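Shown next, in structure tokens, is the structure this report addresses.
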Amino acid sequence: MRGYTFHELRQIDRSRLGDEVPLELFRAIRLIGMQQGLPLEGKGTTASIGRKIGESLPVKTLDELLGLFAELRIGLPRVLEQGERSIRIAIDDCFCKGLPVIEEKKVCDLEGAILEGALGKILNRKVSVRETKCNVCGDEHCEYEIRIYE
Ligand SMILES: [Zn+2]
């Protein structure tokens, strides 16, 4: 199957509607389509989708990855802590900001999986990303804990 590369997705030729779609459409795909439309709230599938997207991103360093996250307006990432084996990243203005609070719910699993796929490829290591905070469950921002394995 011939599939598109991330680079090809940037070829946009819409004379009247341009290169953007509203945030509620992205949210609908994520939170209605994927979370409500797939079995088990789409957990395994979302992880696979995110990792695949992450691996396809044209980035070679953590800085480039975080820059692209902001450029794609997923959110504004900030490194809170960085060690040999772990990185903690906060996301300000995450796509989920402003949604009504649902207790004990975190919704940014796809975005974490994108980080996981991209970092795994950048570092050529096994990487796992865990969502530790989310605006949706009432936290002050969204946050990920990244573990880097040998
Ligand atoms: Zn979020």
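Here the sequence shown is numbered in full-length UniProt numbering, starting from 1 and rising by one per residue. Backbone N, C-alpha and C define an ideal beta-carbon position, used for all residues, glycine too. Owing to the predicted nature of the structure, the values given are computational and were not obtained by experimental measurement.
Per the coordinates, the alpha-carbon of R2 lies some 19 Å from the alpha-carbon of S48. Measuring C-alpha to C-alpha distances from L68 to each of A118, E20, Q35, L80 identifies A118 as the nearest. Distances from the CA of K43 to each of C108, Y144, V136 were compared; the closest alpha carbon is that of C108. For S56, the enclosing alpha helix (DSSP H) covers residues 43-56.
Distance between R27 and C142, taken at the CA atoms: about 16 Å.
For K121, the enclosing alpha helix (DSSP H) begins and ends at 109-123.
Non-local beta-carbon contacts of R78 in its own chain, meaning distances under 6 Å to residues more than five positions away in sequence, involve A90 in chain order. With fewer than 16 other Cβ atoms from the protein chains shown falling within 10 Å of its own Cβ, Y4 counts as exposed.
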